[in-house]
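Student: Protein chains in written order, with the working numbering: chain U, 1 to 331; chain X, 1 to 305. Each residue gets a CB set at the ideal place from its N, CA and C atoms; glycine is no exception. Bear in mind the structure is a predicted one, so any value in this text is a computation, not a measurement.
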Amino acid sequence: MSSVAQAKAPSRPPTVKRGSQKDRERQTAIWLIIPTIVILALVIGYPIVTAIIESFQKDPGLDPSTGMFNQGGFAGFANYSHFLAQQCGTVTCPPGTNGAAFWTSVGNTFLFTVATVVLETVLGVWMAIIMNRSFRGRAWVRASVLVPWAIPTAVTAKLMLFMFATYGIVNVVLQQQILWLSDPAAARIAIIVSDVWKTTPFMALLILAGLQIIPDEIYEAARVDGASTTQQFFRITLPLIKPALMVAVLFRTLDALRMYDLPAILTGGGPGISTTTLSMLVVSQIRQGFNAAAALSTLTFIIIFLVAFVFVRFLGANVVATQSATKKGEA
Amino acid sequence: MSTATEAVVTQGRRRRAAKTADYANVRYKRHVGASLRTGVQAIIIVIWCLLPFYWMIVTSFRPVDHTFDTNLLPIPFTWDNYATAFSTELGNHLLRAIGNSLIVGLTTVIVSLIFGVTAAYALARLEFRGKSMLAGIILGASMFPAVALLSPLFQLFTNIGWTGTYQVLIIPSISFALPLTVYTLTSFLREMPWDLEEAARIDGCTRLRAFWQVILPLAAPAVFTTAILAFIASWNEYLIASVLSTDATQTVTVAIAGFTGSQPHQEPYTAVMAAGTIVTLPLVVLVLILQRKIVAGLTAGGVKG
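1. Beta-carbon of U:Asp225 versus every beta-carbon of chain X: anything under 8 Å?
2. Please give me, in chain order, every unbroken run of the alpha helix (DSSP H) with length at least 4 that falls completely inside the segment 199 to 251 of chain X.
3. Take X:Val58 as the anchor and find which of X:Ile278, X:Trp235, X:Leu169 has the nearest alpha-carbon.
4. Using the beta-carbon count (16 or more within 10 Å), is U:Arg223 buried or exposed?
5. For the alpha helix (DSSP H) holding X:Thr181, just list the boundary residues, first then last.
6. Is the CB of X:Ile103 under 8 Å away from at least one CB in chain U?
7. What residue from X:Ser173, X:Ala210, X:Leu90, X:Val285 has the CA that sits closest to X:Gln263's CA?
8. Nearest by alpha-carbon distance to U:Ala115: which of U:Val196, U:Ala227, U:Leu206 is it?
9. Taking 8 Å as the CB-CB cut-off, is U:Leu306 touching chain X?
10. Could you work out which residue in X:Ile294, X:Ile171, X:Leu288 is closest to X:Leu50 when comparing CA atoms only?
11. Taking only beta-carbon positions, decide if U:Lys58 is within less than 8 Å of chain X.
12. Are the C-beta atoms of U:Lys242 and some chain X residue less than 8 Å apart?
13. Judging by CA-CA distance, which residue of X:Pro268, X:Val223, X:Thr246 is the nearest neighbour of X:Ser101?
14. What's the gap between the Cα of X:Ser242 and the Cα of X:Arg37?
15. When the distance is taken between beta carbons, is X:Leu185 closer than 8 Å to X:Val117?
16. Is it buried or exposed, U:Pro239, if we count other Cβ atoms within 10 angstroms and call 16 or more buried?
17. Quick check on DSSP: helix, strand or coil for U:Val288?
18. By how many angstroms is the C-alpha of U:Leu205 removed from the C-alpha of U:Tyr260?
19. Relative to the C-alpha of X:Ala177, which residue among X:Tyr183, X:Asp195, X:Ala230 is closest?
20. Who are the near neighbours of U:Leu254 in its chain, counting only those whose CB is closer than 8 Å to its CB and skipping five residues on each side?
21. For chain U, check one thing: does any of its Cβ atoms lie closer than 8 Å to the Cβ of X:Trp55?
22. Closest Cβ-Cβ distance between X:Trp235 and chain U: below 8 Å?
23. Would U:Glu120 pass as an interface residue toward chain B - the criterion being a Cβ-Cβ separation below 8 Å?
24. Compare the C-beta of U:Ser144 against all C-beta atoms of chain X and say whether one is closer than 8 Å.
25. Please report the residue range of the alpha helix (DSSP H) in which X:Phe131 lies.
26. By the 10 Å Cβ neighbour count, where 16 or more other Cβ atoms means buried, how is X:Tyr54 classified, buried or exposed?
27. Would you decide whether X:Pro179 is buried or exposed? Buried here means 16 or more other CB atoms lie within 10 Å of its CB.
28. For a contact meaning CB atoms closer than 8 Å, what does X:Val182 contact in chain U?
29. The ligand NAP heavy atoms versus the CB of U:Ala85: any closer than 7 Å?
30. X:Ile294 versus chain U: which residues are under 8 Å apart at the beta carbon?
31. Measuring only the C-alpha atoms, how far is U:Gln232 from X:Gln213?
32. According to the Cβ coordinates, are U:Val170 and U:Met163 closer than 8 Å?
33. Since I believe U:Val172 is in contact with X:Thr70 (beta carbons under 8 Å), could you give me their beta-carbon distance rounded to a whole number of angstroms?
34. So X:Tyr238 contacts chain U; which residues on that side make the cut at Cβ distance below 9 Å?
35. X:Gly276 touches chain U at which residues, Cβ-Cβ below 7 Å?
36. Go through its chain and collect everything with a Cβ distance to U:Val43's Cβ below 6 Å, but skip five positions before and after it.
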């Protein structure tokens, strides 16, 4: 048996691989992957296709324009125009309906996404740079950074509800009496701060992984050439972590676009609908009509897909390539 | 066999450790001047990350009429909130919710691992056409917005009378846990010493046996870490559970979000903080113990948190 370990075979079998062996490898691979693909098709593909089909069906119920009960049937784009054009039947949706809330919640969702992702990126880069330096207790810093990440968002939301309460610690520290949950601007700030607290560590760890593959020699050389710390950051660090950073930003953006737990528990979408996100609108719509909800969730899916597309196509977030590059760097 | 394996692994580890130490040494000398500034910033990071968590624990030990105290220690001190958190008198069922979350989480993890390990093996080890496309599909699936699945699944589960069962919670959980498992495991498995598997196969092992007896034991920590990540994702899930669960199948996140106190319109903050501590502390301890591996899994997998 000891010969097994001594035989230092190359990790890839020799290039004289015969065709039949390659075929067999391909077949094995297909049989190994097919179960996963089938499951994903069932739990993701099936609901999506169903949702798209249903989104073109009428929800049974009273037609607000005629006052007659309708049994459903083909709806054309009515479910979509209900949200996109805020049309309830032939009239404009009155305030308080989900149709009227659509563009506000799109705005809220994008506001939260941009604000949290920008803050998390800046703070994440800072945290990562500190964690990449060597000092005593660095392991403690890296460990403590995992704590906010490990706390369930639902618990975080309750904790923040307590901290942002009228007599809570935030007002005590700020020496203010801000009604965080009754004022639209304050409620939005509370959500953004809570999300930044919870998710920056994750961002920092992704960026740290990018930082760790930059060889020290580059900084050495830059310093010999007289580059200042600022120059080193903008000319070396930032360009070199850009691929890892772009992927981290993409993941965070897609995550933030579907934000639900935090506003649902912290503010309940209020005051009014000033912190209602798209996901919250979908959940509210599910209880009022499946087919309209299907249209709304399809719209949400399309919005998220478009953002991902823009990232990959125009901003150069190459997920697959970055993954393999990171791997090579670490090896 | 196993001692030989260990020898090879330790050798590699030692070489890597020496290299790291070298780097650390150089870095250390360079940063002596700036070390104070680094230290201060490191402390700020630690305080920022831990203070809210600490505040939750401290509050969980305060008597109700001291809810908004500002001293950093829970004086006066009480265990009452933990009794309240577990009590079912006010319609809260934390213990049952913990059981539900365990059932959903463990089933999700087991199913995801069974299918995830085979898929990850193929992606990490085998060469075949369409591999990067499949990897892309699986990664895309892990980024998929769960809310888009919710409405059709809700309708389907209602129609077939599954409301109130565990599978309505487990099936959507698999939609994000399985891609996460495949993705994280693939990047872990790529690092395995495949020479050993090759050698075992030259000695006459089948592919399955070589994987089972040579690679899997070495990959056990990676598989365990992946399982933890998938479990945390399932344990922390709220959106799907809040819509699809009933009172009987309520998970911990739903139970805590809907925690009711004795007074209407008044948050029972101290009891909620106790409940939050109960469902969070085991995870935090586990994560801290497995810190290194978890970070490797999070960043190598590069998937959501």
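Tutor: Put simply:
1. Not closer than 8 Å to any Cβ of chain X, the Cβ of U:Asp225 fails to qualify, so no.
2. Runs found: 207 to 210, 216 to 235, 239 to 244.
3. Nearest of X:Ile278, X:Trp235, X:Leu169 to X:Val58, Cα basis: X:Ile278.
4. Note on U:Arg223: under 16 other CB atoms within 10 angstroms of its CB, so exposed under the neighbour-count rule.
5. Run containing X:Thr181: 167 to 189, per the alpha helix (DSSP H) assignment.
6. Taking a beta-carbon distance threshold of 8 Å, X:Ile103 does not count as an interface residue toward chain U.
7. Comparing Cα-Cα distances from X:Gln263 to each of X:Ser173, X:Ala210, X:Leu90, X:Val285, the minimum goes to X:Leu90.
8. Distances from the alpha-carbon of U:Ala115 to those of U:Val196, U:Ala227, U:Leu206 put U:Val196 closest.
9. U:Leu306 does not count as touching chain X.
10. Nearest option by C-alpha distance: X:Leu288.
11. Against chain X, the CB of U:Lys58 has no partner CB under 8 Å away; the residue lies outside that interface.
12. Output row for U:Lys242: interface = no.
13. Here the closest residue by C-alpha is X:Thr246.
14. When rounded, the separation of the alpha-carbon atoms in X:Ser242 and X:Arg37 is 45 Å.
15. Yes, the Cβ-Cβ distance between X:Val117 and X:Leu185 is below 8 Å.
16. Within 10 angstroms of the beta-carbon of U:Pro239 lie fewer than 16 other beta-carbons, which makes it exposed.
17. Here residue 288 of chain U turns out to be Gln, not Val, going by the sequence shown. Residue state, collapsed to three classes: coil.
18. Approximately 23 Å between the Cα atoms of the pair.
19. It is X:Ala230.
20. Closer than 8 Å at the Cβ level, and outside the excluded window around U:Leu254, lie Ile304, Val307, Ala308.
21. Closer than 8 Å to the CB of X:Trp55 there is at least one CB belonging to chain U.
22. Chain U, which has a Cβ nearer than 8 Å to the Cβ of X:Trp235, makes this yes.
23. The chain inventory of the structure shown lacks chain B, comprising the protein chains U and X.
24. Answer yes: the Cβ-Cβ gap between U:Ser144 and chain X drops below 8 Å somewhere.
25. According to the sequence as given, residue 131 of chain X is Lys; it is not Phe. Per DSSP, X:Lys131 belongs to the alpha helix (DSSP H) from 131 to 142.
26. So X:Tyr54 ends up on the exposed side.
27. Answer is buried; the Cβ neighbour count reaches 16.
28. What X:Val182 touches in chain U: Thr36.
29. Annotation note on the ligand NAP: not contained in the displayed structure, which lists no ligands.
30. In chain order, Leu146 make up the part of chain U whose C-beta sits under 8 Å from the C-beta of X:Ile294.
31. Distance between the alpha carbons of U:Gln232 and X:Gln213 is about 48 Å.
32. Contact: yes.
33. With 8 Å as the limit, X:Thr70 and U:Val172 qualify as a contact, their Cβ atoms being about 6 Å apart.
34. Result: Pro152, Thr153, Ala154, Ala157, Tyr260, Asp261, Ala264, Ile265.
35. Near X:Gly276 (Cβ distances below 7 Å), the residues of chain U are Val155, Lys158, Leu159.
36. Within the same chain, no Cβ atom closer than 6 Å to the Cβ of U:Val43 is found once the five residues on either side in sequence are excluded.
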